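Undergrad: To convert, take the position in the sequence shown, counting from 1, and add 31; that gives my numbering. Beta carbons: idealized from backbone N, C-alpha and C, even for Gly. Quick caveat, the model's predicted, so the values are computed rather than measured. Can you keep this structure in mind? I'll have questions shortly.
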Amino acid sequence: MTVTYEAALQKYEPVFGLETHVELGTATKMFCGCITTFGAEPNTHVCPVCLGLPGSLPVANRLAIEYTIKIGLALNCSIASWCRFARKNYFYPDMPKNFQISQYDEPLCTDGYLDVLVGGKTVRVGIERVHLEEDTGKSLHIGGATGRIQGAEYSLVDYNRAGIPLVEIVTKPVPGTGFLAPQVARTYVTELRDVLRSLDVSDVRMEEGSLRCDVNTSLSLRGSGQWGTRTETKNVNSLRSVERAVRSEIARQAEVLDSGSRVILETRHFHEDTGVTTSGRSKEEAQDYRYFPEPDLVPVAPSRDWVESIGASLPELPSARRARLISAWSMEELDFEALRNAGALDMVEATVAAGATPDDARKWWLGELARRANDAGEDVSALPITPADVARISELVAAGSLNDRLARQVIEGVLDGEGTPDEVVAARGLTVVSDDSALLAAIDAAIAENPDVVARIRDGKVQAAGVLVGAVMKATRGKADAARVRELIMERLS
Ligand SMILES: [Zn+2]
């Protein structure tokens with residue numbers, strides 16, 4: 032790339048949009064009774080309906096409709112009082128009926144929004160629509176180096192996934208975020224995932240494909256007031272990739288535009304390894320699919336009472352939780368974001384519930400524990416230490432029986448499987464030496480070994496006392512209270 036991301040954004044304004052597919056966590060498929068468990072033997076969760084055999088007829092899954100309404104309400108959408116499924120006609124080997132039952136011009140939920148917090152500012156992402164459809168099966172390409180169809184010797188198809196209820200959540204175009212566009216896109220998907228998780232409608236595992244994103248990006252010349260041609264980057268399957276895909280498309284499109292060419296309306300593929308997109312197929316238009324109302328299904332007409340009762344049953348959503356915790360913890364929004372982005376929010380909340388102060392809980396989870404999780408290449412929540420352990424360590428520090436340095440050794444012991452914090456303290460003999468007589472011997476030794484330092488302190492250069500404090504801390508293997516050691520040294524030399 033010759034055009035850098037920074038240079039691109041001096042000249043162009045990015046606009047992005049996201050289409051997110053979510054597999055719902057219903058026990059059975061969208062239009063038949065086949066079970067939906069992930070990871071079964073291929074083609075064992077199939078029946079005449081999801082295989083598209085002649086004469087079979089679909090029946091809509093009531094719980095999937097309820098989940099979709101739930102999602103729509105959580106995203107502040109209007110819920111249609113009457114709508115229909117539509118037939119989307121195209122051929123693909125993993126789609127046994129040769130059409131997909133989806134929704135077209137009559138989606139169940141429309142016109143909502145999701146507020147996301149980026150850099151301490153709230154950005155409102157408009158939601159165009161939330162509709163319900165069925166998932167396709169899965170093709171496996173065998174014999175090639177990349178697992179793609181190019182170079183493969185043969186392909187296998189597994190229809191277990193065919194017919195699993197799939198919700199598509201489409202944002203409105205999001206303009207005006209400038210340099211923050213990639214981060215806003217990522218934060219939107221993170222927030223959406225948290226909303227879906229709180230609703231308990233999907234397991235939202237990006238790595239298993241139950242949450243998948245397509246990212247639309249376009250650039251317009253700053254001040255031109257005209258939006259450029261968009262590209263659609265398919266199947267961006269991690270939060271990090273969402274950010275990278277937007278970033279990489281911004282730089283690529285700027286290079287195309289700077290060279291005097293036009294951006295082509297097309298589908299592009301994101302490559303995890305290189306972080307760039309490559310051209311896929313030219314983008315088909317809606318009319319290519321020959322949509323028409325699905326003749327085998329009755330319309331969906333949720334009663335107002337039903338919609339209201341679903342609305343009344345919504346749990347606390349992430350935005351409400353955020354407002355509640357920021358207020359209860361007297362925390363800055365930026366600090367809260369850091370916790371959320373580090374995946375430490377649940378742990379900090381549980382640590383506070385176990386008795387630690389919010390500041391202490393945040394300090395340990397974002398500091399020492401985040402560092403150790405990072406070293407181990409794990410999520411902070413996967414560390415073998417509980418919020419109750421961290422609360423106990425904070426309590427020992429607050430009581431003065433541990434200092435931060437000893438507390439870090441206790442954490443190390445707990446992570447190494449040496450037991451609870453109290454067991455590690457007992458086994459390793461980790462307690463602050465607060466008995467002055469035990470410290471005085473070490474202080475006298477330090478004074479005797481450093482006559483030059485003593486002379487400087489007596490000359491009024493009191494900051495030189497740090498050398499003596501350090502020597503005492505070393506001699507006591509970190510178990511002394513540094514502030515008390517400094518006091519005793521100054522008393523000794525006065
Ligand atoms: Zn079936």
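#1: List the whole-angstrom C-beta distance separating aspartate 125 from serine 170, where the pair is believed to meet the contact cut-off of C-beta under 8 Å.
#2: Where does asparagine 191 land, buried or exposed, given buried means 16+ other C-beta within 10 angstroms?
#3: Flag lysine 60 as yes when its Cβ comes closer than 8 Å to any non-hydrogen atom of ligand 1, and as no otherwise.
#4: Would you be able to state if there are at least three C-beta pairs under 8 Å between the region 423 to 434 and the region 396 to 405?
#5: Note the first and the last residue of the continuous alpha helix (DSSP H) segment covering tyrosine 98.
#6: In angstroms, rounded to a whole number, what distance separates the CA positions of glutamate 316 and glutamate 274?
#7: In angstroms with no decimal places, state the Cα-to-Cα distance between phenylalanine 323 and histidine 162.
#8: Measuring alpha carbon to alpha carbon, tell me which residue in Thr507, Glu449, Gly501 is nearest serine 465.
#9: Would you mind giving the Cβ-Cβ distance between isoleucine 474 and isoleucine 416, rounded to the nearest angstrom? I have them listed as a contact below 8 Å.
#10: Mapping the DSSP letters down to three states, classify serine 313 as helix, strand or coil.
#11: Does the Cβ of leucine 88 lie closer than 8 Å to at least one heavy atom of ligand 1?
#12: Using the Cα positions of leucine 548 and serine 251, report the straight-line distance between them to the nearest angstrom.
#13: Run through DSSP, which three-state label would serine 133 get?
#14: Is it a yes or a no for the region 90 to 101 touching the region 302 to 322, going by three-plus beta-carbon pairs under 8 Å?
#15: Quick test of your reading: threonine 298 and glutamate 325, contact by CB under 8 Å. State the CB separation rounded to the nearest angstrom.
#16: Could you spell out where the alpha helix (DSSP H) holding proline 452 opens and where it closes?
#17: With H, G and I counted as helix, E and B as strand and the rest as coil, what does DSSP make of glutamate 280?
#18: Would you kindly check if the distance between the Cβ of threonine 51 and the Cβ of valine 220 is under 9 Å?
#19: Taking 8 Å as the cut-off, is the C-beta of histidine 76 nearer than that to any heavy atom in ligand 1?
#20: If contact is defined by three or more beta carbon pairs under 8 Å, each pair taking one atom from either stretch, is the region 225 to 243 in contact with the region 38 to 56?
#21: In this structure, what does DSSP give as the bridge partners for aspartate 189?
#22: Once the 5 residues before and after valine 156 are set aside, which same chain residues still bring their CB inside 7 Å of it?
#23: Between valine 445 and valine 455, is the Cβ-Cβ spacing less than 9 Å?
#24: Once DSSP output is grouped into helix, strand and coil, what is the label at valine 267?
#25: Answer yes or no: the CB of valine 188 versus the heavy atoms of ligand 1, is any distance below 8 Å?
#26: Rounded to whole angstroms, what's the CA-CA distance from glutamate 165 to alanine 413? Just pull it up for me.
#27: Looking at C-alpha atoms only, which residue of Ala71, Ala513, Glu518, Arg353 is the closest neighbour of aspartate 225?
#28: List the whole-angstrom C-beta distance separating glycine 175 from alanine 183, where the pair is believed to meet the contact cut-off of C-beta under 8 Å.
#29: So, at 7 Å on beta carbons, what are the nonlocal neighbours of leucine 211 in its own chain, with the 5 sequence-adjacent residues on each side left out?
#30: What number of angstroms, rounded off, separates the C-alpha of tyrosine 528 from the C-alpha of serine 272?
#31: Would you call the region 241 to 257 and the region 361 to 381 touching, i.e. three or more CB-CB distances under 8 Å?
#32: Which residue comes first and which comes last in the beta strand (DSSP E) that contains tyrosine 144?
#33: Do you know how far the Cα of leucine 40 is from the Cα of glutamate 286?
#34: Whose CA, out of Gly431, Asn268, Glu44, lies closest to the CA of glycine 240?
#35: Mind checking whether arginine 487 and isoleucine 442 have CB atoms under 9 Å apart?
#36: Following the continuous beta strand (DSSP E) through serine 340, name the residue where it begins and the one where it ends.
TA: The relevant details are as follows:
#1: Translated into the one-based positions of the sequence shown, residue 125 becomes position 94. Translated into the one-based positions of the sequence shown, residue 170 becomes position 139. For a cut-off of 8 Å, the C-beta gap from aspartate 125 to serine 170 is around 5 Å, short enough to register as a contact.
#2: For the purposes of this step, residue 191 is taken as the residue at position 160 of the sequence shown. Buried, since its Cβ has 16 or more Cβ neighbours within 10 Å.
#3: Within the sequence shown, numbered from 1, the residue matching residue 60 stands at position 29. Answer for lysine 60: yes, Cβ within range of ligand 1.
#4: At 8 Å Cβ cutoff, the stretches do not touch.
#5: As a working mapping, residue 98 is identified with position 67 in the sequence shown. Here the alpha helix (DSSP H) through tyrosine 98 covers 93 to 105.
#6: To locate residue 316, count along the sequence shown from 1; it is residue 285. To locate residue 274, count along the sequence shown from 1; it is residue 243. In this structure, the straight-line span from the alpha carbon of glutamate 316 to that of glutamate 274 is close to 26 Å.
#7: Start at 1 with the first residue of the sequence shown, and residue 323 comes out as number 292. Start at 1 with the first residue of the sequence shown, and residue 162 comes out as number 131. Taking the straight line from one Cα to the other gives about 16 Å.
#8: Within the sequence shown, residue 465 is the residue found at index 434, counting from 1. Closest in C-alpha terms to serine 465, from the list Thr507, Glu449, Gly501, comes Thr507.
#9: For this step, residue 474 is matched to residue 443 along the sequence shown. For this step, residue 416 is matched to residue 385 along the sequence shown. Contact flag wrong, Cβ pair sits at about 35 Å.
#10: Start at 1 with the first residue of the sequence shown, and residue 313 comes out as number 282. In this structure, serine 313 counts as strand in the three-state DSSP scheme.
#11: Looking up residue 88 in the sequence shown gives position 57. It does not: the Cβ of leucine 88 is nowhere closer than 8 Å to a heavy atom of ligand 1.
#12: Outside the displayed range of the chain (32 to 525) lies residue 548, so it cannot be described from this structure.
#13: Here residue 133 corresponds to residue number 102 of the sequence shown, with the count starting at 1. Strand.
#14: Taking 8 Å as the limit for Cβ pairs, the verdict is that the region 302 to 322 does not touch the region 90 to 101.
#15: Working through the sequence shown from its first residue, we reach residue 298 at position 267. Working through the sequence shown from its first residue, we reach residue 325 at position 294. Threonine 298 to glutamate 325, Cβ: 25 Å. No contact.
#16: The sequence position of residue 452 within the sequence shown is 421, counting from 1. Segment 452 to 459, the alpha helix (DSSP H) holding proline 452.
#17: Mapped onto the sequence shown, residue 280 falls at position 249. Here glutamate 280 sits in helix by DSSP.
#18: Here residue 220 is taken as the residue at index 189 of the sequence shown, counted from 1. Here residue 51 is taken as the residue at index 20 of the sequence shown, counted from 1. In contact: valine 220 and threonine 51 (Cβ atoms closer than 9 Å).
#19: As a first step, residue 76 is located in the sequence shown; it is residue number 45 there, counting from the start. Remark: the shortest separation between the CB of histidine 76 and any heavy atom of ligand 1 falls under 8 Å.
#20: A contact exists between the region 38 to 56 and the region 225 to 243.
#21: The residue labelled residue 189 in the question sits at position 158 within the sequence shown. Per DSSP, the beta-bridge partners of aspartate 189 are Lys169.
#22: Taking the first residue of the sequence shown as 1, we reach residue 156 at position 125. Same-chain partners within the cutoff: Tyr144, Leu145, Val147, Thr202, Val205, Tyr219.
#23: Mapped onto the sequence shown, residue 445 falls at position 414. Mapped onto the sequence shown, residue 455 falls at position 424. For the 9 Å CB-CB criterion, valine 445 and valine 455 form a contact.
#24: Locating residue 267 in the sequence shown gives position 236, where the first residue counts as 1. Reduced to three states, the DSSP call for valine 267 is strand.
#25: The residue labelled residue 188 in the question sits at position 157 within the sequence shown. No - ligand 1 has no heavy atom lying nearer than 8 Å to the Cβ of valine 188.
#26: Here residue 165 refers to the residue found at position 134 of the sequence shown. Here residue 413 refers to the residue found at position 382 of the sequence shown. When rounded, the distance between both Cα atoms is 33 Å.
#27: Looking up residue 225 in the sequence shown gives position 194. For the set Ala71, Ala513, Glu518, Arg353, the Cα lying nearest the Cα of aspartate 225 is the one of Arg353.
#28: Position 144 of the sequence shown, counted from the start, is the residue given in the question as residue 175. Position 152 of the sequence shown, counted from the start, is the residue given in the question as residue 183. The distance from the Cβ of glycine 175 to that of alanine 183 is about 4 Å, consistent with a contact at the 8 Å cut-off.
#29: Taking the sequence shown and counting its residues from 1, the one referred to as residue 211 is at position 180. If we look at leucine 211 and ignore the five residues flanking it on each side, its Cβ neighbours are Val149, Gly150.
#30: Because the chain in this structure spans residues 32 to 525, residue 528 falls outside the shown range and cannot be described.
#31: Between the region 241 to 257 and the region 361 to 381, the count of Cβ pairs shorter than 8 Å is below three; the stretches do not touch.
#32: The residue given as residue 144 occupies position 113 in the sequence shown. It spans 140 to 149 - the beta strand (DSSP E) in which tyrosine 144 sits, taken as one unbroken run.
#33: Numbered from 1 along the sequence shown, position 255 holds the residue referred to as residue 286. Numbered from 1 along the sequence shown, position 9 holds the residue referred to as residue 40. One alpha carbon belongs to glutamate 286, the other to leucine 40, and they sit about 11 Å apart.
#34: As a working note, residue 240 is residue 209 in the sequence shown. Proximity to glycine 240 across Gly431, Asn268, Glu44 peaks at Asn268, based on C-alpha coordinates.
#35: Taking the first residue of the sequence shown as 1, we reach residue 487 at position 456. Taking the first residue of the sequence shown as 1, we reach residue 442 at position 411. Not a contact, by the Cβ cut-off of 9 Å.
#36: Along the sequence shown, read from residue 1 onward, the residue named residue 340 stands at position 309. First-last for serine 340: 335 to 343, but that is the alpha helix (DSSP H), not the beta strand (DSSP E).
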